[in-house]
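FYI, in our numbering the residues of the sequence shown are 3 to 400. Just so you know, even glycine gets a beta-carbon here, dropped at the ideal spot from N, CA and C.
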Amino acid sequence: MMDTMDYLKGIRFADFTWAGAGPFSTKLFSDFGAEIIKVESATRLDPVRAGGPFKDGKPGVNRSGYFASRNTGKRSLSLDLKSEEGHATALELIARSDVVTSNFGPGAMERLGLGYDACRAVAPNIIYLQMPMYGAEGPRANLLGVGMTISAVSGFIWHTAYKPGDPIGPGTHYPDHAANCYHAAFAVLAALRQRRQTGEGTRIELAQVESTINFHGPTFVEWAWSGEEPAQIGNRSPSACPHNVFPSDGEDAWIAIAVESDAAWRTLAGILGGAATDESLATSSARLARIDEVERMVAAWTAARGAEDAAETLRAAGVPAAAVAHARRLIEEDPQLAARHYWQSIEHPELGSTIYNSPPYTVDGERVALKRPPLLGEHNDAILAELRGANPTWRASE
Numbered sequence: 003m004m005d006t007m008d009y010l011k012g013i014r015f016a017d018f019t020w021a022g023a024g025p026f027s028t029k030l031f032s033d034f035g036a037e038i039i040k041v042e043s044a045t046r047l048d049p050v051r052a053g054g055p056f057k058d059g060k061p062g063v064n065r066s067g068y069f070a071s072r073n074t075g076k077r078s079l080s081l082d083l084k085s086e087e088g089h090a091t092a093l094e095l096i097a098r099s100d101v102v103t104s105n106f107g108p109g110a111m112e113r114l115g116l117g118y119d120a121c122r123a124v125a126p127n128i129i130y131l132q133m134p135m136y137g138a139e140g141p142r143a144n145l146l147g148v149g150m151t152i153s154a155v156s157g158f159i160w161h162t163a164y165k166p167g168d169p170i171g172p173g174t175h176y177p178d179h180a181a182n183c184y185h186a187a188f189a190v191l192a193a194l195r196q197r198r199q200t201g202e203g204t205r206i207e208l209a210q211v212e213s214t215i216n217f218h219g220p221t222f223v224e225w226a227w228s229g230e231e232p233a234q235i236g237n238r239s240p241s242a243c244p245h246n247v248f249p250s251d252g253e254d255a256w257i258a259i260a261v262e263s264d265a266a267w268r269t270l271a272g273i274l275g276g277a278a279t280d281e282s283l284a285t286s287s288a289r290l291a292r293i294d295e296v297e298r299m300v301a302a303w304t305a306a307r308g309a310e311d312a313a314e315t316l317r318a319a320g321v322p323a324a325a326v327a328h329a330r331r332l333i334e335e336d337p338q339l340a341a342r343h344y345w346q347s348i349e350h351p352e353l354g355s356t357i358y359n360s361p362p363y364t365v366d367g368e369r370v371a372l373k374r375p376p377l378l379g380e381h382n383d384a385i386l387a388e389l390r391g392a393n394p395t396w397r398a399s400e
């Protein structure tokens with residue numbers, strides 16, 4: 003594991019993002035050496051600072067695990083952007099930065115005097131990323147929302163329902179931590195490359211609803227082709243059976259099984275025994291027609307066994323299966339994550355020694371060593387001294 007990843011060393015962000023997708027996108031840069039200055043307010047906190055979960059259940063602006071995990075390696079500068087001094091300081095920072103990022107609603111940065119034109123006036127080659135929910139224009143541009151809202155309006159909650167009228171949804175995970183953050187980071191990387199080649203900055207608008215809809219590509223193609231809404235089937239498959247998550251012995255214990263061929267079904271039927279061996283269930287179409295009956299057979303077998311033991315038995319026979327892992331197992335027992343040094347412990351003044359997840363990739367075979375997240379306003383004095391010239395290493399944007 004490398005102590006320092008300096009692939010992005012020398013790149014500075016004036017980061018005005020908050021909540022989920024925005025800070026996660028800039029964290030991708032801070033973990034690999036970019037300097038991310040998180041501009042915050044002591045009177046209007048980043049909602050995840052105030053939202054927990056908190057260390058030992060005790061609330062505090064520096065005690066949120068959610069905030070900590072999304073802001074590793076950043077520096078915190080607290081400013082009152084509505085004051086003359088705070089606004090002037092923000093522009094000083096932007097003038098010496100490479101990238102400006104925000105995920106407020108359309109017009110918010112402009113009302114603060116920090117829109118693209120104002121930033122370009124002090125930093126002509128600035129890269130300016132905005133991440134509004136619906137985009138900067140259009141009939142819904144002024145509607146606001148968070149990850150759960152985006153899950154709903156993009157179709158995730160509908161698409162993941164177990165049955166019609168029973169929406170569940172993946173929470174904020176896909177909009178905030180799988181779609182929008184990575185799309186935004188990729189766009190910024192492309193803009194940095196373009197600037198290196200041409201010397202020109204750019205404005206990037208990433209509409210989070212549009213970004214998230216990319217996950218539903220096959221569904222929309224199917225809908226357009228057939229003219230019918232795809233079925234709401236949860237973990238089931240339209241072409242394979244059984245294909246679901248089944249209960250196993252123990253509290254909230256489950257096993258995922260995916261039988262995608264008739265040969266795999268014959269193997270599973272031999273393990274289940276009884277009615278499962280009936281030749282009338284030999285084809286996937288026949289099993290799909292009797293899906294509830296088939297799933298009851300499988301559930302009766304899995305419920306009498308531990309998830310790990312059942313999964314090992316099935317995999318050894320050639321049936322795809324895996325225990326559904328809870329968080330403690332992933333951290334303490336998962337051999338793959340342990341072998342790849344995925345979890346890291348970082349000391350923090352208020353959180354103590356806390357577990358953090360690494361980026362889900364390595365560079366040149368090396369795992370980045372994460373640095374701790376900042377306390378609110380922790381770097382005010384140092385950053386202001388750098389801005390005002392006390393530190394000669396502070397440079398203007400190149």
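- With contact defined as three or more Cβ pairs closer than 8 Å, the segment 253-270 and the segment 306-313 are in contact.
- Looking at the DSSP output, T103 bridges to D17 and L131.
- According to the DSSP assignment, L389 belongs to the alpha helix (DSSP H) that extends over N382 to L389.
- Boundaries of the beta strand (DSSP E) around K40: E37 to E42.
- Comparing C-alpha distances from A324 to each of A371, S250, Y68 and M299 shows the shortest one belongs to S250.
- The C-beta separation of L208 from L131 comes to about 7 Å, placing the pair in contact by the 8 Å criterion.
- Cβ contact annotation for F69 (same chain, cutoff 6 Å, sequence separation greater than five): V50 and R51, in chain order.
- Residue environment for W227: exposed (fewer than 16 other C-beta atoms within 10 angstroms of its C-beta).
- Scanning its chain for C-beta atoms nearer than 8 Å, with the 5 sequence neighbours on each side dropped, one finds around P126 the residues G203, in chain order.
- Residue range T204 to E207 is occupied by the beta strand (DSSP E) that includes R205.
- Here V190 is near V101, since their CB atoms are less than 8 Å apart.
- Pairwise C-beta distances place the segment 362-381 in contact with the segment 21-35, as three or more of them are shorter than 8 Å.
- The three-state secondary structure of E349, taken from DSSP, is strand.
- Per DSSP, reduced to three states, the secondary structure at I159 is helical.
- When C-alpha distances from N105 are compared across A120, S99 and N144, the shortest belongs to N144.
- Within the DSSP secondary-structure output, I259 pairs in a beta bridge with N246 and A323.
- DSSP, reduced to helix, strand and coil, places T74 outside both helices and strands of the structure shown, so it counts as coil.
- Taking 8 Å as the upper bound for CB-CB distance, L79 and I39 are in contact here, some 5 Å apart.
- Per DSSP, reduced to three states, the secondary structure at T151 is helical.
- Here E42 is buried. Its C-beta has 16 or more other C-beta atoms within 10 Å.
- According to DSSP, T279 shares a beta bridge with no other residue.
- Here the alpha carbons of N382 and A90 stand approximately 15 Å from one another.
- Residue nearest to R298 within the set L274, R390, R65 and T315 is L274 (criterion: CA-CA distance).
- Distance between A181 and S156, taken at the CA atoms: about 12 Å.
- For the pair M135 and G147, the CB atoms are nearer than the 8 Å cut-off.
- If you draw a 10 Å sphere on the C-beta of R77, you find 16 or more other C-beta atoms in it, and that means buried.
- With a threshold of 16 other beta carbon atoms within 10 Å, S85 falls short and is exposed.
- The residues S80, L378 and G379, in chain order, have a CB closer than 7 Å to that of A44 in the same chain once the five nearest residues on each side in sequence are set aside.
- Per the DSSP secondary-structure output, L79 pairs in a beta bridge with V41.
- Residue pairing of T356 in beta bridges, as defined by DSSP: I348.
- Relative to P240, the option among G12, E139 and A291 whose CA is nearest is A291.
- In the three-state scheme derived from DSSP, where H, G and I count as helix and E and B as strand, S286 is classed as helix.
- Per the C-alpha coordinates, the member of G137, T221, D17 and G115 positioned closest to E87 is G115.
- F158 is positioned such that its CB atom lies closer than 8 Å to that of Y176.
- In this structure, H161 keeps its C-beta atom at 8 Å or more from the C-beta atom of H245.
- Beta-bridge pairing by DSSP links S66 to F56.
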